[in-house]
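Peer 1:
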Amino acid sequence: MQEYVDIGRSRTARRVYGLNQIDIVPSRRTRSSHDVDTSWKIDAYSFDIPVMTHPTDSIVTPEFAIEFGQLGGLPVINAEGLWGRVDDLDAALRGVVEAARKAEAFLFEEQGSDATSVPDLYGANAELQRLHALELNVDLLQERLDKVRESGVRFAVRVSPQNARELAPVLIKSGMDLLVVQGTLVSAEHVHRDGEPLNLKEFIGSLDIPVIAGGVVDYTTAMHLMRTGAAGVIIGSGHTTNNESLGIDVPMATAIADAAAARRDYLDETGGRYVHIIADSSLHNSGDVAKAIACGADAVSLGLPLATAASAGAPNWYWPSTAGHPKLPRGLVEEVGLGETQPLEELLFGPTTNPIGGENIIGALRRSMAKCGYTDIKSFQKVDLVVR
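Each residue of the sequence shown is one higher than the one before, counting from 1 in UniProt numbering.
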């Protein structure tokens, strides 16, 4: 039963919950974590772990994409990021980090009254805007995509709703396995005052590869996206500043559960078509991953938790794909971790000395499932939950 509260005398609002407000309750027999299956199958593709990457250049370079795919996950590459805009990707990423360091140093060092040079506190976002304004070189992008394809791993490529119609046909020729149509918030029909709107149902129907679309935060939009023929729907927008800049932020426990309800109703409506739910917000540690799946997600999209990987594009720094938006960035360039990096394999599978969920993410998920008596992702979605 949904709970509503009054806001003054003229408005009411539904009470909702974030992942930090819920907990998983073990209420069945326990099992050995060795008996747990964390595999994820979407459309014709199977992955050893229910994890894809958030499409950010701060993490996903060609080398990282290959390693992540070899470890059993789904790397997602941002087609509109830096892969196709700069010849020296490493130098571009270092430039963003350097701009962030200057602002960080200014904030944390005591400044005298005679200070004459004040850096742009959001200079890293400005540098990202400058880089994203460079012309997209499709040949360069395809060259880097070819490197990933030739490694033999499965991978996805992300495009924005605004550019999907133009870029997708070109990118599909690169041999990618899945297309991700992702914005901070999307709908089934992206309306333009000038030009023809993108009708996702028609667009998806014209393609020969499965499409994952998002992000959404409510039942109705999730249902609309499912009806477009999408194989998966992304819930959330990544580690963004939507709340501060737009006032939009639906806590993830509720958002995932609402989308799971849409998935159930759509399954009944179609007589058996199952659409996957991928959580992509408020995921900071392995406990959040377990809670997201317990709320109904089939998989998660990780960004921030992978930022300390030694093979990340900008190790120990993170920004979401929206941080370089030309007019309204919705993501900070921030330093994460304690200055040390870890092999990606240890972040995902351990072993670790970290007791608070920052490493061995999949090992912790397996242990959570085992403690509650479940052996696969789908059944774990039925685990009992409590609200703090």
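Don't be surprised by glycine CBs; every beta carbon is placed ideally from N, CA and C.
Hey, would you say V321 sits closer than 8 Å to T56, going by beta carbons?
Peer 2: The residue given as residue 321 occupies position 321 in the sequence shown. The residue given as residue 56 occupies position 56 in the sequence shown. Position check: residue 321 holds Ser in this sequence, whereas Val was assumed. Result yes, Cβ atoms of S321 and T56 sit closer than 8 Å.
Peer 1: Can you give me the C-alpha to C-alpha distance between V387 and T254, rounded to a whole angstrom?
Peer 2: As a position in the sequence shown, residue 387 is number 387, starting the count at 1. As a position in the sequence shown, residue 254 is number 254, starting the count at 1. Looking at the two C-alpha atoms, the distance is approximately 11 Å.
Peer 1: Helix, strand or coil, according to DSSP, for D139 in the structure here?
Peer 2: In the sequence shown, counting from the first residue as 1, residue 139 sits at position 139. Helix.
Peer 1: Along the chain, where does the alpha helix (DSSP H) containing Y219 start, and where does it finish?
Peer 2: Numbered from 1 along the sequence shown, position 219 holds the residue referred to as residue 219. Start and end: 219–226.
Peer 1: Would you kindly check if the distance between the Cβ of E345 and the Cβ of L71 is under 8 Å?
Peer 2: Your numbering for residue 71 matches position 71 in the sequence shown. Your numbering for residue 345 matches position 345 in the sequence shown. For the 8 Å CB-CB criterion, L71 and E345 form a contact.
Peer 1: With DSSP run on the structure shown, which of helix, strand or coil describes A13?
Peer 2: Here the question's residue 13 lines up with position 13 in the sequence shown. Strand, per DSSP.
Peer 1: For G123, name the three-state secondary structure that DSSP assigns.
Peer 2: If you number the sequence shown from 1, residue 123 lands on position 123. Note: G123 maps to helix in three-state DSSP.
Peer 1: Would you check if the distance between the CB atom of I7 and the CB atom of L385 is smaller than 8 Å?
Peer 2: Here residue 7 refers to the residue found at position 7 of the sequence shown. Here residue 385 refers to the residue found at position 385 of the sequence shown. Against a cut-off of 8 Å, the Cβ pair of L385 and I7 comes out as no contact.
Peer 1: I believe L347 touches T308 by the beta-carbon criterion, under 8 Å. Please report the beta-carbon distance rounded to the nearest angstrom.
Peer 2: Here residue 347 is taken as the residue at index 347 of the sequence shown, counted from 1. Here residue 308 is taken as the residue at index 308 of the sequence shown, counted from 1. Right, their Cβ atoms sit about 7 Å apart.
Peer 1: Could you say which of K382, S151, C372, P351 lies nearest to R28 if we only look at CA atoms?
Peer 2: Taking the first residue of the sequence shown as 1, we reach residue 28 at position 28. Of K382, S151, C372, P351, the residue nearest in Cα terms is C372.
Peer 1: Note down the Cα distance separating D87 from D265, rounded to an integer number of angstroms.
Peer 2: Start at 1 with the first residue of the sequence shown, and residue 87 comes out as number 87. Start at 1 with the first residue of the sequence shown, and residue 265 comes out as number 265. Each residue's alpha carbon lies about 47 Å from the other.
Peer 1: Cβ atoms of L134 and R85: under 8 Å apart, would you say?
Peer 2: In the sequence shown, counting from the first residue as 1, residue 85 sits at position 85. In the sequence shown, counting from the first residue as 1, residue 134 sits at position 134. Yes.
Peer 1: What does a CB cutoff of less than 8 Å around V97 pick up in its chain, not counting 5 residues either side in sequence?
Peer 2: Indexing the sequence shown from 1 puts residue 97 at position 97. The residues are A124, A314, W317, V333.
Peer 1: Note the first and the last residue of the continuous beta strand (DSSP E) segment covering G1.
Peer 2: The sequence position of residue 1 within the sequence shown is 1, counting from 1. As written in the sequence, residue 1 is Met, which differs from the Gly given in the question. Looking at the DSSP string, M1 is not in any beta strand (DSSP E), and its letter there is neither H nor E.
Peer 1: Among S151, N285, H132, G215, which has the Cα closest to the Cα of L304?
Peer 2: Locating residue 304 in the sequence shown gives position 304, counting from the first residue. Per the Cα distances, N285.
Peer 1: Contact criterion: CB-CB distance below 8 Å. Does I66 meet it with respect to chain C?
Peer 2: Absent from the structure is chain C; it holds one protein chain and no more.
Peer 1: Should E80 be labelled buried (16 or more other beta-carbon atoms within 10 Å of its own) or exposed?
Peer 2: Numbered from its first residue, the sequence shown carries residue 80 at position 80. It counts as buried.
Peer 1: Quick one: using the 10 Å Cβ neighbour count with 16 as the cut-off for buried, is Q2 buried or exposed?
Peer 2: Stepping through the sequence shown from its first residue, residue 2 is reached at position 2. Result: exposed.
Peer 1: Would you mind reading off the limits of the alpha helix (DSSP H) that contains S286?
Peer 2: Position 286 of the sequence shown, counted from the start, is the residue given in the question as residue 286. Taken as a continuous stretch (DSSP letters only), the alpha helix (DSSP H) holding S286 covers 286–294.
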